[in-house]
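In the working numbering, the protein residues as written are 39 to 199.
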């Protein structure tokens, strides 16, 4: 140990500087070798594939996933539009069209089939012993251009809720 101290004490500043540079370069060389070994493992990849092929494959999968996402979104938008146009919560009411005369016996009915926006129809039937009549009245925004009976108005109001 004393010999080492005497070597360093007798060394000139230039010798110390060159020795420091040599040590610094040796450390850098070791770090570069470690880096090359690690990069070799990364670029080798699974089954000998290189990193570029893996990245290219991931980009293709990302594009496919984005295309699938667009198609699914368009499909759901179309389904939503179709559902809004379909009959929502149909409402039915049975009634005696002839108020207890024994003629109808609550065999008559009124049904509202309207969309979420209130467009559709009110379907009603009047039952009598020897015949039956069916009426369909168009509805827009929960109102009809035809006169609605009390029962038809009631089923339309119930469908609106």
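Where is the CB? At the ideal position from N, CA and C, for every residue including glycine.
Asked: In this structure, does DSSP put residue 148 in helix, strand or coil?; Found: strand
Asked: So within the segment 48-110, which uninterrupted alpha helix (DSSP H) runs reach at least 4 residues, ignoring any that extend past its ends?; Found: 51-82
Asked: Quick one: residues in its chain with C-beta nearer than 6 Å to the C-beta of residue 244, no 5 flanking neighbours on either side, listed in chain order?; Found: Residue 244 is absent from the structure shown; the chain starts at 39 and stops at 199.
Asked: Less than 7 Å between C-beta atoms, sequence neighbours within five positions excluded: which residues of the same chain meet that for residue 127?; Found: 197
Asked: Which residues bound the beta strand (DSSP E) around residue 174?; Found: 170-177
Asked: Am I right that residue 148 and residue 193 are in contact with their C-beta atoms under 8 Å? What's the rounded C-beta distance?; Found: 5 Å
Asked: With distances taken between CB atoms, is the gap from residue 150 to residue 190 smaller than 9 Å?; Found: yes
Asked: Quick check on the burial criterion: 16 or more other C-beta atoms within 10 angstroms. Buried or exposed for residue 48?; Found: exposed
Asked: Using a 10 Å radius around the Cβ and a threshold of 16 neighbouring Cβ atoms, would you call residue 160 buried or exposed?; Found: buried
Asked: Work out the CA separation of residue 152 and residue 180 for me, nearest whole Å.; Found: 8 Å
Asked: How would you label residue 162, buried or exposed, when you count the other beta carbons within 10 angstroms and need 16 or more for buried?; Found: buried
Asked: What's the C-alpha gap between residue 53 and residue 74?; Found: 31 Å
Asked: Rounded to a whole number of angstroms, what is the C-alpha to C-alpha distance between residue 117 and residue 107?; Found: 15 Å
Asked: Count the other CB atoms, across all protein chains shown, that sit within 10 Å of the CB of residue 133; report buried if there are 16 or more and exposed otherwise.; Found: buried
Asked: Please state whether DSSP places residue 187 in a helix, a strand or coil.; Found: coil
Asked: Just tell me which of 113, 182 and 60 has its CA closest to the CA of residue 174.; Found: 182
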